[in-house]
Amino acid sequence: MSGQAPVRGRAARRRFVRATVDEIHDRLQVTDRVWHHIDYTRPLVVELTDCLLATRQAPARLLVIGGDSLLAYVLLKLGYHVDLWNFPEGHLTDDLLDRVEKTISTEQLAAGDFSIDGRSYDAILVPLVLESLPGDAPAFLSRLRYGLVPDGSLILATANASRLDLRLLALLGRSMAHAYPKSHVSFSFPPLPRLRYYNAQELRAVTRTAGLWTRESRFILSHRAFSKIDPHPPGRFLKLNLDHWLTWLLPETRPTILTQLSHRVGDEKPGGSENAPARRITVTLSAQRGKSDLQRSLTALMEQDYSPDLYEVIILHDGAATERGDWIEEITKGSPVSVRELVADPPEGPAARNAAMQMATGEVCAHTDDACRIPLGWLPTIASVFDDTTAVATGPVLDEPGSHPPFLTLPGSRPGWDHQGLFPIANVAYRREAILACGGFIEPKKAGRRATLLWDSELAWRIQRMGWEGRYLKHMFVFRDYPPPRHFGWFRTEWQLARDLPGVLTRVPELRKNLLKLGYFASNTTLYFDLLLVGSIAAIALQRWAFLLLGLPWVLHYSQFFDVWPVSQWRPSFRLIAGAAARHLIWLSGFVWGSLRAKRIVL
Amino acid sequence: MGLRIVFPYPNYWPYVRRGAERIIHDLSTFLAGRGHEVDIITAKPGRPRVVQEGNVRILYLRQASHPLMFQYIPLIRLYHFSLLAHLQILRRRYDVAHLMSYSEVFGPLFRWTRGQPYLFHLIMREHWWPSRVDRLIFRLLIRLADHVAALTPGWAAHVSAEYQRPVSTLSPPVNMEIFRPQGTKDLRRPRVLFTADLGDPRKGGALLLRAWNEIHRQCPEAELVLAGPFGIGGFHPEVVANSALGQLHLIRNPSARAAVHLRGPGSIDNFPRLYAEAAVTVLPSVDEAFGMVVTESLASGTPVVCSAFGGPGEIVTSPEIGATVPLRELLDLLDAKRAHDLADAVLYAIDLARRPGTVERCREWADTWSLERVGLKAEAIYRELAEGGSPVEAELQTAHKVAQ
């Protein structure tokens, strides 16, 4: 059974792990109290082993900090090379004590007073230690990163702050002191004092701060309902069983969080860039307008309050206008800033932006377009926001005075002052290495096809899921000019945008909260329109005219656009309301079509 | 001709590592080496299994464990084992059974149903039988036994008088080949060793922790190694808090605390080396029937500190091999004066370990209980029992002499 595990599929792997753990546990040469203590925490050993096997099969080099004897034997049996770090409070068998490489205290771990000795591990397992650290958990985790190979995993198990007993104590207003024992007896995992617990979101934030990507996080049952050798009266015995079954049914109340972490994408060499005195930035400017707009944007970029040798500008254009090259030359004449051109057709979209980032030389790639007016402090703001954990930053995109008003726009199509979870390409900056490592913007399957709605924000959320931080800074703002829509061409564009929205929300569920009303509706007005439609159909079908009252919210909302006096305004007012109804109808058909395709209802 | 001998006992290595299990192991290995067929019937947590160790067959039966059982009637574990062990014994005819204090509550059935001869070995001073039925069965066990033995001559005389029947002495053996001077005894950093059960308050671990404050003050280079097991699973969990295990805070000085290593029992193979490398072994227990820790330590050439009463008091009668402290009852283990006496005794023993010739003297002293001697005696008893005789007369005379 030793060596490579015959793992095919999750269920088979789990059966294999259980059988291996049971077999080794049954033959452990330990005294019976130790045997039962290990038996009590056996589910944690199963979970840790299963998680490890899923990520890295033997042979591999592992570091276990504070495990129990069973875990160490199981890993050795599976063919891993295991280095053990033990705590003075820890209990291991004599064989394993001989293998202990370091006896370390939680104070030393918290203070970072340890070294990995230049070794690199394929995986590091840290079970039930984080809650006992008397200091900074991110600093400890960040230091462990140095011991991981580029594709290594850090498997972390820690007590869950949302577990059932703590919830009940909080609910009943009882003291939680006993949940934080200073000392207890355990011959399994080391009986370290419990100082603080993390809930899942908090743990994710901690690991992100530490520069790690949470690849998987789940709630686990880390111990049995009771230890067979601990005497309990019937009431307590029933309670223990009931608690156990409840936590089995409600995962979030389980006692432990198991997290699998790894280096963030594009950050396999931790600390490599944090000592850089100032960041080099590449600004990608998509030019689709005329000379005046290009001049305004490009001049603003070249006059930035940032050292000219620390940034460059790449201008994306389609190459159709031959004079554009001359304009660029004329605008940049005498400027110390390096300006390059990149021809891409279309000059805006995922393919063009990816190509620009491939070509860039800066650590940070900032994106904007020639519809934007860029303030002087834009680049310094961007340079300052990129710390060791940030991979993407954005800010408000404000309407330039004279822009077409944001009337009847689909959610996500007009970012404003408040953060809606959007990372619009007109005002966003990315850490280049991280972006390239995770594949950049998703390009359309067929070249030349229109990119889907919110293609720019999708990448930002993807990279945040990989352990990086996304920032929204209000002082990283730009002004953007929005032209009025084309007279008749808007039908097709709006229908396509509406069709894309359900798919986007499936791929980026983080946007649902900000972009949808009541979880299903694109806006209040679409909700009112849906009510109007349902009411009208019901009234006609059932001949019950009271159903028409459902359309009242929509009518009341749009009545504000109806100029009652003078009478000459009635006609344009009717036209405006009819246009709104037509737009709602087009959106609705787009939503229905998109919802069917994405299996996600948006109305 | 070889005999078929069975040792039914609810606990055995590696799950329980106390005196009874060491006796069974050493005797069974010795007897198997002399051509007898030896079975050990015992129980273990987890799945049952059979293990063959040389000529000794160990049948591990399933052990009963449940929180409700331990809350109300922990002896169910014993009854359960007894029933299963009986079934095993009934399947195979043995020439003799070696029963110990808690081996077989239904032992009398042997006599009535199968005429199975058995030796009943009293390995405890005070037996814990909570009900009348238990006490009745225990009396029957002694009455119907073909032979009754105690661990020391003094206790044999006492039991003989109490139960009105002859009781011989069969001391626990010490294997002088395994327990011998080995490794390096670093007396610049003298190691004080405690190998008794850390979870049993009667073993006096907490008293040693109290004394350690003083020992460390006077001998700061000394270190204390707590290498005992952690109690028998399920039994007396509440006393764990009163034992050494739950009272490490008794050591107030942080540097003294840092000099304490809670090691646990470790592996069986490493155990003799621990004794040999220690400067002194301490067993400040009360109600000790014999104190195998004492003979094992002496055989390893390490002086001892123990109680002046009970089994250890009968072993350590010379200041050249260790020191004794007057510990008679549980209250003595809470007494500050006794902690002070214990500290003095440990410091004396450390000094003794530094004197030339101590290793040899200790070892010579332990030879009285060598496996060779005790094993042959046990074999003679088994043989007599198997042949229908009783070797008790001569033993009884010896026991009476000692008692007088």
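These protein sequences, in sequence, are chains A and B.
First residue of the first sequence: 0, per numbering that gives the first Met the number 0; consecutive thereafter.
First residue of the second sequence: 0, per numbering that gives the first Met the number 0; consecutive thereafter.
Just so you know, even glycine gets a beta-carbon here, dropped at the ideal spot from N, CA and C.
Inter-residue spacing [alpha-carbon to alpha-carbon] between residue 251 (chain B) and residue 97 (chain B) = Taking the second sequence and counting its residues from 1, the one referred to as residue 251 (chain B) is at position 252. Taking the second sequence and counting its residues from 1, the one referred to as residue 97 (chain B) is at position 98. Those two C-alpha atoms are separated by around 46 Å.
Residue ranges of each alpha helix (DSSP H) within the segment 278 to 360 of chain B, 4 or longer | 291 to 298, 309 to 314 and 335 to 353
Are any of the Cβ atoms in chain B nearer than 7 Å to that of residue 272 (chain A)?
-> Here residue 272 (chain A) corresponds to residue number 273 of the first sequence, with the count starting at 1. Note on residue 272 (chain A): pLDDT 42, under 50, position unreliable in the model; the coordinate value appears next. No - not a single Cβ of chain B is within 7 Å of the one on residue 272 (chain A).
Taking a cut of 7 Å between CB atoms, which residues from the segment 220 to 232 of chain A lie near chain B?
-> 225, 227, 228, 229, 230, 231 and 232
Please go through the same chain and pick out, in chain order, the residues whose beta-carbon is closer than 6 Å to the beta-carbon of residue 274 (chain A), but skip the five residues on each side of it.
-> On the first sequence, position 275 is the one that residue 274 (chain A) refers to. Confidence at residue 274 (chain A) is low in this model, with a pLDDT of 45, below 50, so the placement of that residue is unreliable and no value is reported for it.
Taking just the CA atoms, how far does residue 199 (chain A) sit from residue 492 (chain A)?
-> Taking the first residue of the first sequence as 1, we reach residue 492 (chain A) at position 493. Taking the first residue of the first sequence as 1, we reach residue 199 (chain A) at position 200. Taking the straight line joining both Cα atoms gives about 41 Å.
Helix, strand or coil: which one does DSSP assign to residue 183 (chain A)?
-> Within the first sequence, numbered from 1, the residue matching residue 183 (chain A) stands at position 184. Here residue 183 (chain A) sits in coil by DSSP.
Chain-ordered chain B contacts of residue 32 (chain A) [CB-CB under 8 Å] | Here residue 32 (chain A) is taken as the residue at index 33 of the first sequence, counted from 1. Near residue 32 (chain A) (Cβ distances below 8 Å), the residues of chain B are 198, 228, 229, 230, 231 and 232.
List the residues of chain B that residue 618 (chain A) touches, going by C-beta distances under 8 Å, in chain order.
-> Within the shown structure, residues of chain A are numbered from 0 to 602, placing residue 618 (chain A) beyond reach of any answer.
May I ask which residues mark the beginning and end of the alpha helix (DSSP H) holding residue 540 (chain A)?
-> In the first sequence, the residue the question calls residue 540 (chain A) occupies position 541. It spans 523 to 541 - the alpha helix (DSSP H) in which residue 540 (chain A) sits, taken as one unbroken run.
Since residue 271 (chain B) and residue 136 (chain B) are thought to touch, with beta carbons under 8 Å apart, how far apart are those beta carbons, to the nearest angstrom?
-> Working through the second sequence from its first residue, we reach residue 271 (chain B) at position 272. Working through the second sequence from its first residue, we reach residue 136 (chain B) at position 137. Incorrect: roughly 38 Å between the Cβ atoms, too far for contact.
Interface partners of residue 45 (chain A) on chain B, CB under 7 Å = Against the first sequence, residue 45 (chain A) aligns to sequence position 46. Going along chain B, no residue has its Cβ under 7 Å from residue 45 (chain A), so there is no contact; the nearest lies around 15 Å.
Chain-order list of residues whose beta-carbon lies under 7 Å from that of residue 101 (chain B) (same chain, five-residue window excluded) | Locating residue 101 (chain B) in the second sequence gives position 102, counting from the first residue. The answer, listed in chain order, is 9 and 77.
Quick one: list the residues of chain B neighbouring residue 80 (chain A), beta-carbon separation under 7 Å, in chain order.
-> For the purposes of this step, residue 80 (chain A) is identified with residue 81 of the first sequence, where counting begins at 1. Residues of chain B passing the Cβ test: none, with the nearest at roughly 22 Å.
Residue 25 (chain A): contacting residues in chain B (beta-carbon distance under 9 Å) = Taking the first sequence and counting its residues from 1, one reaches residue 25 (chain A) at position 26. Within 9 Å Cβ-Cβ: 43, 44, 45, 46 and 48.
Opposite residue 248 (chain A) in the DSSP bridges: which residues?
-> Stepping through the first sequence from its first residue, residue 248 (chain A) is reached at position 249. For residue 248 (chain A), which the question treats as bridged, DSSP gives no partner whatsoever.
Proximal residues, the segment 184 to 218 of chain A versus chain B, C-beta separation under 7 Å = 184 and 186
The alpha helix (DSSP H) enclosing residue 54 (chain A), as first and last residue numbers | For the purposes of this step, residue 54 (chain A) is taken as residue 55 along the first sequence, with counting starting at 1. Run containing residue 54 (chain A): 41 to 54, per the alpha helix (DSSP H) assignment.
How about residue 70 (chain B): is its C-beta nearer than 7 Å to some C-beta of chain A?
-> Position 71 of the second sequence, counted from the first residue, corresponds to residue 70 (chain B). Yes, because at least one Cβ of chain A sits closer than 7 Å to the Cβ of residue 70 (chain B).
Integer Cβ distance of residue 223 (chain A) from residue 130 (chain A), believed to fall under 8 Å | Locating residue 223 (chain A) in the first sequence gives position 224, counting from the first residue. Locating residue 130 (chain A) in the first sequence gives position 131, counting from the first residue. 20 Å between Cβ atoms; not a contact.
Which term fits residue 298 (chain A), buried or exposed, when burial requires 16 or more other beta carbons within 10 angstroms of its beta carbon?
-> The residue labelled residue 298 (chain A) in the question sits at position 299 within the first sequence. It counts as exposed.
Identify whether residue 213 (chain B) lies in helix, strand or coil by the three-state DSSP scheme.
-> Reading the second sequence from its first residue, position 214 is the one you call residue 213 (chain B). Helix at residue 213 (chain B).
Sorted by chain position, which residues of the same chain lie with C-beta nearer than 6 Å to residue 182 (chain A)'s C-beta, five sequence neighbours on each side aside?
-> As a first step, residue 182 (chain A) is located in the first sequence; it is residue number 183 there, counting from the start. Once the five neighbours on either side are set aside, residue 182 (chain A) has no close Cβ partner at all.
With 7 Å as the limit, tell me which residues of the segment 262 to 296 of chain B have their beta carbon closer than that to any beta carbon of chain A; keep them in chain order.
-> 263, 264, 265, 266 and 269
Close Cβ partners of residue 132 (chain A) (< 8 Å) along its chain, the five nearest in sequence each way excluded = Here the question's residue 132 (chain A) lines up with position 133 in the first sequence. Here the set comprises 105, 108, 109, 139 and 194.
In this structure, what does DSSP give as the bridge partners for residue 99 (chain B)?
-> In the second sequence, counting from the first residue as 1, residue 99 (chain B) sits at position 100. Answer by DSSP bridge pairing, in chain order: B:120.
Pull up the CB-CB distance for residue 206 (chain B) and residue 283 (chain B), whole angstroms please, since I reckon it's below 8 Å.
-> Within the second sequence, residue 206 (chain B) is the residue found at index 207, counting from 1. Within the second sequence, residue 283 (chain B) is the residue found at index 284, counting from 1. Sure, about 5 Å apart at Cβ, within 8 Å.
Buried versus exposed call for residue 146 (chain A) [16 or more other C-beta atoms within 10 Å across all chains shown] = Residue 146 (chain A) sits at position 147 when you count from the first residue of the first sequence. It counts as buried.
Short check: CB of residue 281 (chain A) to CB of residue 364 (chain A), under 7 Å?
-> One-based indexing of the first sequence puts residue 281 (chain A) at position 282. One-based indexing of the first sequence puts residue 364 (chain A) at position 365. A contact, by the Cβ cut-off of 7 Å.
Taking the alpha carbon of residue 452 (chain A) as the point to measure from, which residue in A:495, A:535, A:513 and A:595 has its own alpha carbon closest?
-> Residue numbering aside, residue 452 (chain A) sits at position 453 when the first sequence is read from its first letter. When only C-alpha atoms are compared, the closest one is A:495.
Interface partners of residue 15 (chain B) on chain A, CB under 7 Å = Locating residue 15 (chain B) in the second sequence gives position 16, counting from the first residue. Those are 30 and 31, listed as they occur along chain A.
Go to residue 478 (chain A), then tell me how far its beta strand (DSSP E) extends in each direction, as first and last residue.
-> Residue 478 (chain A) sits at position 479 when you count from the first residue of the first sequence. Its beta strand (DSSP E) spans residues 477 to 479.
Could you tell me which residues DSSP pairs with residue 255 (chain A) in its beta bridges?
-> Here the question's residue 255 (chain A) lines up with position 256 in the first sequence. The partner list for residue 255 (chain A) (beta bridge, DSSP) reads A:158 and A:219.
Could you check what DSSP says for residue 93 (chain A) in three-state terms: helix, strand or coil?
-> As a working note, residue 93 (chain A) is residue 94 in the first sequence. Here residue 93 (chain A) sits in helix by DSSP.
So the alpha helix (DSSP H) residue 25 (chain A) belongs to, where does it begin and stop?
-> Start at 1 with the first residue of the first sequence, and residue 25 (chain A) comes out as number 26. Where residue 25 (chain A) is concerned, the enclosing alpha helix (DSSP H) stretches over 9 to 25.
Name the DSSP bridge partner or partners of residue 600 (chain A)?
-> Here residue 600 (chain A) corresponds to residue number 601 of the first sequence, with the count starting at 1. Its beta-bridge partners do not exist; DSSP assigns none.
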